[in-house]
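Residue numbers (our numbering): 1107 to 1432. A quick write-up on the structure given underneath.
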């Protein structure tokens, strides 16, 4: 069985309990909400799931939206700090099975930058996960430049995870089924990524790495059209490269929540196999189903390619060297 690293794997922590009700809106019944809560909290269950699926390492992150839903910036900073301390305690219990992404209070850019530095340098966290917009402000806003500078300085990636948009788009505002995970999150996060790109973020920080889940939030499928329409659009972006080029230099995607051969083939074709990483999206997706799919997909034509997607690309992107955290 191929070694596997998965890096969009959610937990909740005591300091973020006030925001869990937002998360649980994805559960259709009280019973499923209770089961999801247990999975987010239960350390023994998580390890058992990893063992059953044959997954060697989970990179843990606070489930969306966490403290980014908090209106009080100082309280968000405090709770993010506590959440990361809690996550580090979990990692220390299972240093060979867990690593972490920092949870950050993006309401306070300086505090978020400092917390990222603390988590990377003191805990050995592998980067950060940011859950979409914070109080209506997306990450392309220039107020976040100090945060991006800190990520580049530390040499760690930022995983941009979806969350509810600040306001539901008019076209789906009265159709609840299209909101959230069916389409709304994908629409918002794909747009968020393109805001980053067209803001010139990757020209300002050419060494920056951003990770997108869900096989790139549909964007690999339409890169040709993005390039073509950008070339004929009257705009003032002034990008140094074609939009698609940034996907091959600054963006990494994971397979979270999309066990689909055709999507994997498109992602590899458009970005290159070295920019596609296996992941699960536990507990929102079934870890064994995801692991069985990546082991059996005919898109990966030999064990060399399977090794790349299952763990080698993650080791490179996350700078994993096999050592345990302090």
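For every residue, glycine included, the Cβ atom is placed at its ideal position computed from N, Cα and C.
query	result
Kindly list the residues whose CB is nearer than 7 Å to the CB of residue 1287, restricted to its own chain and excluding five residues on each side of it in sequence; keep chain order.	1132
According to DSSP, residue 1240 sits in a beta bridge with which residue or residues?	1243
What does residue 1168 pair with, by DSSP beta-bridge criteria?	1117
Given a cut-off of 8 Å, decide if residue 1383 and residue 1423 are closer than it, judged by their beta-carbon atoms.	yes
Please look up how many angstroms separate the CB atoms of residue 1117 and residue 1235, rounded, as I've assumed it's under 8 Å.	Going by Cβ atoms, the distance from residue 1117 to residue 1235 rounds to 11 Å, so no, they are not a contact pair.
Thinking just about the alpha-carbon of each residue, which of 1264, 1202, 1407 is nearest to the one in residue 1218?	1264
Give me the Cα-Cα distance between residue 1180 and residue 1279, rounded to the nearest whole angstrom.	32 Å
The beta strand (DSSP E) that contains residue 1316, what's its start and end?	1316–1318
Alpha carbons only, please: which of 1168, 1160, 1206, 1221 is nearest the one belonging to residue 1095?	Residue 1095 lies beyond the stretch modelled for the chain, which goes from 1107 to 1432, so this question has no answer here.
Taking just the CA atoms, how far does residue 1342 sit from residue 1381?	29 Å
Quick one: using the 10 Å Cβ neighbour count with 16 as the cut-off for buried, is residue 1338 buried or exposed?	exposed
Helix, strand or coil for residue 1432? Go by DSSP, reduced to three states.	Confidence at residue 1432 is low in this model, with a pLDDT of 38, below 50, so the placement of that residue should be treated as unreliable; the coordinate-derived value is given next. Of the three classes helix, strand and coil, the one that applies to residue 1432 here is coil, per DSSP.
Over what stretch of residues does the beta strand (DSSP E) that includes residue 1264 continue unbroken?	1264–1267
Going by DSSP in three states, residue 1111 sits in which element: helix, strand or coil?	strand
Would the beta-carbon of residue 1122 fall within 8 Å of that of residue 1185?	yes
From what residue to what residue does the beta strand (DSSP E) around residue 1206 run?	1204–1206
Residue 1395: which of 1351, 1237, 1160 sits nearest, CA to CA?	1160
Taking all protein chains shown into account, decide if residue 1256 is buried (16 or more other Cβ within 10 angstroms of its Cβ) or exposed.	buried
I'd like the list of long-range same chain contacts for residue 1162, defined as Cβ closer than 6 Å, with 5 residues on each side in sequence excluded.	1109, 1110
Excluding the five sequence neighbours on either side, which residues of its own chain have a C-beta within less than 6 Å of the C-beta of residue 1225, listed in chain order?	1190, 1208, 1231
For residue 1167, count neighbouring C-beta atoms within 10 Å of its own C-beta (all shown protein chains included) and say buried if the count is 16 or more, exposed if not.	buried
Sorted by chain position, which residues of the same chain lie with C-beta nearer than 7 Å to residue 1377's C-beta, five sequence neighbours on each side aside?	1326, 1353, 1354, 1359
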